[in-house]
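Written out below as structure tokens is the structure these notes cover.
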Amino acid sequence: MTLESLYTGLGCSIKNKTYFETKKYVEPFINKFQKEDININCVAKSSLQLPIINNNTTDIFNKVCITCINKNSEFEINKIPFYRFVTFAYGLDIKCPSYKFYSGVTTNDTMFVFGNTLNSGKIESETAFDYTLCDKTIQQANSDNCQKMLEQIFRLSVAQTQLTDQLGLWIKKSLLLSLITEGNKIKLTKTLPIDVYEKLNDVDSPYYVQGNEIPLFNILSQFSDLINTDKDIINRYEKLQLVNSVLGL
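According to this note's numbering, the residues represented by the sequence shown are 1174 to 1422, in order.
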């Protein structure tokens, strides 16, 4: 989805609350990166809520996720290039309407988050977001926490003979662990570890390896890819952090 298409999103009214058009929420975030060389990835979900302001029935985006990847922030680990990113996401018709900014690193669209880089707020009717939270997140994005964590992860692996036992532990932790952001409780599905396990044993998966050891980076990357292609575009940060906990990171 292009930024231009996203900007066509209209304002709407949900549960007696009035929300601005998409551009009014998104443009202040994009303007933070005017001086940067960035790639922009946009994802949005359309709303079925009524009534719609101005009686228009075209695009209304009730869930939005935008990631700005800084092309000048490259660093390498094991000859793999990584770039720092900042993401802005919000949901209008979730249990507790809220918005969030967070940062991390990415390679080939696989995203990783480490440390507490989440800054969030509640969405109020006809009220702009607090974009100083974005400024704080941008500052956090420039730290070396992610790079240091990845360097440690690249030195770790899981024995093939232990993978089935690890699957049971992953499922147990997925059932028990949760995070709450602005009143919204986020959990992993119990099927996610199973999907990861199956992918790691699929010769067509980019993370499949032969031999006695599976790099922990491959396991983490497979979890990340499944989360970042899931239909839930609002809670990726929390789910990636839950994966870190599941893997003991």
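All C-beta atoms, glycine included, are put in the ideal place defined by N, C-alpha and C.
Keep in mind the model is a prediction, meaning the values are calculated, not measured.
Item: My output table needs one value for V1286: the three-state DSSP class, helix, strand or coil.; Value: coil
Item: With DSSP as the reference, identify every bridge partner of T1195, one or two as the case may be.; Value: DSSP output for T1195 lists no bridge partner at all.
Item: Which class does P1224 belong to by DSSP, given the choice of helix, strand or coil?; Value: Residue confidence is low: P1224 scores 41 on pLDDT, short of 50, so the model does not pin down where it sits. Its coordinate-derived value is still stated next. Three-state DSSP puts P1224 in coil, outside helix and strand.
Item: Here's the rule: buried if 16 or more other CB atoms are within 10 angstroms of the residue's CB, otherwise exposed. What is P1366?; Value: buried
Item: Less than 8 Å between the CB atoms is what I'm expecting for V1278 and F1255, so what's the real figure, rounded?; Value: 5 Å
Item: Would you give the residue range spanned by the alpha helix (DSSP H) that Y1432 belongs to?; Value: Here the chain has residues from 1174 to 1422 only, and residue 1432 is not among them.
Item: Start and end of the beta strand (DSSP E) containing C1241?; Value: F1234 to N1243
Item: Starting from the Cα of L1422, find the closest Cα among L1265, I1187, S1178 and G1288 and give me that residue.; Value: G1288
Item: Using 10 angstroms around the beta-carbon of K1372, count the other beta-carbons present and answer buried if the total reaches 16, otherwise exposed.; Value: buried
Item: If you pair each beta-carbon of the stretch 1200–1213 with each one of the stretch 1234–1247, do three or more pairs fall below 8 Å?; Value: yes
Item: What are the boundary residues of the alpha helix (DSSP H) that includes N1401?; Value: L1389 to N1401
Item: In the DSSP assignment, find the unbroken alpha helix (DSSP H) run with G1182 in it and report its ends.; Value: Counting along the chain, G1182 falls outside any alpha helix (DSSP H), and DSSP gives it neither H nor E.
Item: Tell me the rounded alpha-carbon separation between T1300 and A1262.; Value: 16 Å
Item: Find the nearest neighbour of F1234 within the set S1246, N1245 and V1199, judged by alpha-carbon distance.; Value: V1199
Item: To the nearest angstrom, report how far apart I1226 and K1196 are at their CA atoms.; Value: Any answer about I1226 is weak, because its pLDDT of 46 lies below 50 and its placement is not dependable; what the coordinates show is given next. Taking the straight line from one Cα to the other gives about 15 Å.
Item: Excluding the 5 residues flanking S1397 on each side, which residues of the same chain have their C-beta closer than 8 Å to its C-beta?; Value: T1283, M1284, F1285, L1413 and V1416
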